[in-house]
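Okay, structure first, notes after.
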Amino acid sequence: EMTTEQLEERVREIKEKLGDKLFIPGHHYQKDEVIQFADATGDSLKLAQISAENTAAEHIVFCGVHFMAETADILTKRDQKVYLPDMRAGCSMADMADIYQTERAWTKLLELFGETILPLTYVNSTAAIKSFVGKNGGATVTSSNAEKMVRWAFEQKERLLFLPDQHLGRNTAFNIGIGLDEMAVWNPIKDELEFDGPIDKIKVILWKGHCSVHENFTVENIHQVRETYPEMKIIVHPECTREVVGLSDLAGSTNYIIEAINASTSGSAWAIGTEMNLVKRIIQEHPDKQIISLNPHMCPCLTMNRIDLPHLVWCLDSIDEGVPHNLIEVDELVAENAKKALNRMLEQS
Ligand code: 13P
Ligand code: SF4
Numbered sequence: 045e046m047t048t049e050q051l052e053e054r055v056r057e058i059k060e061k062l063g064d065k066l067f068i069p070g071h072h073y074q075k076d077e078v079i080q081f082a083d084a085t086g087d088s089l090k091l092a093q094i095s096a097e098n099t100a101a102e103h104i105v106f107c108g109v110h111f112m113a114e115t116a117d118i119l120t121k122r123d124q125k126v127y128l129p130d131m132r133a134g135c136s137m138a139d140m141a142d143i144y145q146t147e148r149a150w151t152k153l154l155e156l157f158g159e160t161i162l163p164l165t166y167v168n169s170t171a172a173i174k175s176f177v178g179k180n181g182g183a184t185v186t187s188s189n190a191e192k193m194v195r196w197a198f199e200q201k202e203r204l205l206f207l208p209d210q211h212l213g214r215n216t217a218f219n220i221g222i223g224l225d226e227m228a229v230w231n232p233i234k235d236e237l238e239f240d241g242p243i244d245k246i247k248v249i250l251w252k253g254h255c256s257v258h259e260n261f262t263v264e265n266i267h268q269v270r271e272t273y274p275e276m277k278i279i280v281h282p283e284c285t286r287e288v289v290g291l292s293d294l295a296g297s298t299n300y301i302i303e304a305i306n307a308s309t310s311g312s313a314w315a316i317g318t319e320m321n322l323v324k325r326i327i328q329e330h331p332d333k334q335i336i337s338l339n340p341h342m343c344p345c346l347t348m349n350r351i352d353l354p355h356l357v358w359c360l361d362s363i364d365e366g367v368p369h370n371l372i373e374v375d376e377l378v379a380e381n382a383k384k385a386l387n388r389m390l391e392q393s
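FYI, the numbering for the sequence shown is 45 to 393, going by this note's numbering.
This is how it looks when you write it as structure tokens:
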């Protein structure tokens, strides 16, 4: 058993030894014990762009979740290796759309709507889903460019299928003026469309997936904050439900949230609806502001939390020893089409 100090020392040692050959991107939801060693931090869009631009690193140790490491593998050169320090760091939302369900849904939707439909997928999805979307002319989106990408999709086709987060899809479509009565939900468990009304009215089909972290922020939480702290501004991530986003003052990606708080004046008060590690860090960084979590029972992302200091050291050690663990290698054919979907997004960003 190594102490925290020894583990930290080991990370520093390997980082120094490997220099530019090693690159550690870290998502905002990662723990402090890990994020302190990140060479770059960001939301999913920024980390995807940074990975695409970094041509020098031989080893990319991704501190985030599985789909992010897959994205990095797809966007980087073939001889660059991508690692995920703990393979159990998945994403429950990404797991809510598997490729077989998606292909069955697509067949049904083509029967209903013909060639009028385009698929879009949140980057929080498996490489296989991105590949499916790329093959069918669609693109990926992240929470920071979803509006732009949904507008782009409507320039190509009359309707769209939005995978796998119904809330980001609904919030984004709503923001660009699509009515809630023009949105249907695809239920992948029952293989059926949930909609009452004439189907030619449908403009957006939302995949019935969600983020188990952001669904924990409720209308009840909002009322509580409004009552207790009437002057407080409420800011949430668009993975929260439409009701929660509708009752909040502001909604946006993790980067948007960070920037909004940074730009606010000293003494301002905020309730934040997003992942716990990020909220805690924002609170620490702004001692001059009154900041709380929108849900008093702070919500961690359990899979993000799987990446901890011991796993980081274990992964780095294996690289140092030349017998690397936890390589992420997306199948070449899958990667080729997934890259099309990602590039359509990166070209717009
Ligand atoms: P962003 O980093 O794009 O805001 O996404 C949040 C998230 O849930 C990542 O898993
Ligand atoms: Fe997935 Fe939600 Fe965790 Fe992000 S916060 S990795 S969407 S479960």
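Cβ atoms here follow ideal geometry from the backbone N, Cα and C, with glycine treated the same way.
Every value quoted in this text rests on a predicted model; they were computed, and no experiment measured them.
Exposed or buried, what is alanine 100 when buried is set at 16 or more other beta-carbons lying within 10 Å of its beta-carbon? Numbered from its first residue, the sequence shown carries residue 100 at position 56. Looking at its Cβ environment, which holds fewer than 16 other Cβ atoms inside 10 Å, alanine 100 is exposed.
Tell me which residues share the same chain as aspartate 83 and place their Cβ nearer than 6 Å to its Cβ, disregarding the 5 neighbours each side in the sequence. Stepping through the sequence shown from its first residue, residue 83 is reached at position 39. Hits under 6 Å: Phe67, Ile68.
Just curious, the beta strand (DSSP E) that leucine 250 is in, first and last residue? Start at 1 with the first residue of the sequence shown, and residue 250 comes out as number 206. Unbroken beta strand (DSSP E) run through leucine 250: 248-251.
Take the Cβ of glycine 221 as the centre, count every other Cβ of all protein chains shown within 10 Å, and call the residue buried at 16 or more, exposed below. Here residue 221 refers to the residue found at position 177 of the sequence shown. Its Cβ having fewer than 16 others within 10 Å, glycine 221 is exposed.
Nearest-angstrom Cβ-Cβ length linking isoleucine 58 and leucine 353, presumed shorter than 8 Å: Counting from one through the sequence shown, the residue named residue 58 turns up at place 14. Counting from one through the sequence shown, the residue named residue 353 turns up at place 309. Under the criterion of beta carbons closer than 8 Å, isoleucine 58 and leucine 353 do not qualify as touching, at roughly 13 Å.
Put leucine 338 into one of helix, strand or coil per three-state DSSP. The residue you call residue 338 lines up with position 294 of the sequence shown. Three-state DSSP puts leucine 338 in coil, outside helix and strand.
Tell me the DSSP bridge mates of alanine 295? Counting from one through the sequence shown, the residue named residue 295 turns up at place 251. According to DSSP, alanine 295 bridges with Val280.
Spatial distance of proline 77 from leucine 237 (CA atoms): As a working mapping, residue 77 is identified with position 33 in the sequence shown. As a working mapping, residue 237 is identified with position 193 in the sequence shown. Sequence check: residue 77 is glutamate here, not proline. When rounded, the distance between both Cα atoms is 44 Å.
Go through the region 173-257 residue by residue and report every complete run of the alpha helix (DSSP H) that reaches 4 residues or more, in order. Taken in chain order, the whole alpha helix (DSSP H) runs of length 4 or more contained in the region 173-257 are 190-200, 210-219.
Can you tell me whether valine 109 sits near the ligand SF4, meaning its C-beta is under 7 Å from at least one heavy atom of the ligand? Against the sequence shown, residue 109 aligns to sequence position 65. At least one heavy atom of the ligand SF4 is nearer than 7 Å to the Cβ of valine 109, so yes.
Looking at cysteine 255 and the ligand 13P, is the gap between the Cβ and the nearest heavy atom below 7 Å? Position 211 of the sequence shown, counting from 1, holds the residue named residue 255. Checking the Cβ of cysteine 255 against the ligand 13P gives yes.
Can you tell me the Cβ-Cβ gap for proline 282 and asparagine 339, rounded? I've got them flagged as a contact below 8 Å. As a first step, residue 282 is located in the sequence shown; it is residue number 238 there, counting from the start. As a first step, residue 339 is located in the sequence shown; it is residue number 295 there, counting from the start. Wrong, their Cβ atoms sit about 16 Å apart, outside the cutoff.
Return the Cβ separation of lysine 383 and isoleucine 173 in integer angstroms, given the expectation that the two are a contact with Cβ distance under 8 Å. Numbered from 1 along the sequence shown, position 339 holds the residue referred to as residue 383. Numbered from 1 along the sequence shown, position 129 holds the residue referred to as residue 173. Contact flag wrong, Cβ pair sits at about 14 Å.
For serine 169, verify whether its CB is less than 7 Å away from any heavy atom of the ligand 13P. Reading the sequence shown from its first residue, position 125 is the one you call residue 169. Checking the Cβ of serine 169 against the ligand 13P gives no.
First and last residue of the uninterrupted beta strand (DSSP E) at isoleucine 326: For the purposes of this step, residue 326 is identified with residue 282 of the sequence shown, where counting begins at 1. Per DSSP, isoleucine 326 is not a residue of any beta strand (DSSP E); the alpha helix (DSSP H) it occupies stretches across 320-329.
Length of the line joining the Cα atoms of isoleucine 302 and isoleucine 326: Within the sequence shown, residue 302 is the residue found at index 258, counting from 1. Within the sequence shown, residue 326 is the residue found at index 282, counting from 1. Taking the straight line from one Cα to the other gives about 7 Å.
Could you check whether the region 299-314 touches the region 253-270, counting it as contact only if at least three pairs of C-beta atoms, one from each stretch, sit closer than 8 Å? no
So for leucine 89, helix, strand or coil by DSSP? In the sequence shown, the residue the question calls residue 89 occupies position 45. Residue state, collapsed to three classes: helix.
Can you find at least 3 beta carbon pairs, one from the region 274-290 and one from the region 249-260, that sit closer than 8 Å? yes
For the region 100-112 and the region 121-133, state whether three or more C-beta atom pairs, one from each stretch, are separated by less than 8 Å. yes
Identify which residue in Cys107, Leu212, Ile161 has its Cα closest to the Cα of glutamine 200. Residue numbering aside, residue 200 sits at position 156 when the sequence shown is read from its first letter. Nearest of Cys107, Leu212, Ile161 to glutamine 200, Cα basis: Ile161.
Can you tell me whether tyrosine 166 is buried or exposed? The criterion is at least 16 other CB atoms within 10 Å of its CB, across all chains shown. Numbered from 1 along the sequence shown, position 122 holds the residue referred to as residue 166. Result: buried.
Where threonine 366 sits in the DSSP three-state scheme: The residue given as residue 366 occupies position 322 in the sequence shown. With the sequence shown as reference, residue 366 is identified as glycine, and threonine is not the correct amino acid for it. Note: glycine 366 maps to coil in three-state DSSP.
Looking only at DSSP bridge pairs, what is alanine 149 linked to? For this step, residue 149 is matched to residue 105 along the sequence shown. Alanine 149 is not bridged to any residue.
How big is the Cα-Cα spacing for asparagine 381 and asparagine 189? Counting from 1 along the sequence shown, the entry for residue 381 is found at position 337. Counting from 1 along the sequence shown, the entry for residue 189 is found at position 145. The straight-line gap from Cα to Cα measures roughly 20 Å.
Should methionine 348 be counted as a contact of the ligand SF4 given a C-beta to heavy atom distance under 7 Å? Here the question's residue 348 lines up with position 304 in the sequence shown. Yes, the ligand SF4 has a heavy atom inside 7 Å of this Cβ.
Only counting runs of 4 or more residues, tell me where the alpha helix (DSSP H) segments fall wholly within the region 110-139, in order along the chain. For the region 110-139, whole alpha helix (DSSP H) runs of length 4 or above, ordered along the chain, are 110-119.
Proximal residues to glycine 27 (C-beta, below 6 Å), its chain only, five neighbours per side dropped: Nothing in the structure corresponds to residue 27, since the chain is present only between 45 and 393.
Presumed contact (8 Å Cβ cut-off) between glutamate 226 and valine 248, rounded CB distance: Stepping through the sequence shown from its first residue, residue 226 is reached at position 182. Stepping through the sequence shown from its first residue, residue 248 is reached at position 204. Confirmed, about 7 Å.
Under 8 Å, do alanine 133 and arginine 350 count as touching if we go by C-beta distance? Within the sequence shown, residue 133 is the residue found at index 89, counting from 1. Within the sequence shown, residue 350 is the residue found at index 306, counting from 1. Contact flag set, yes.
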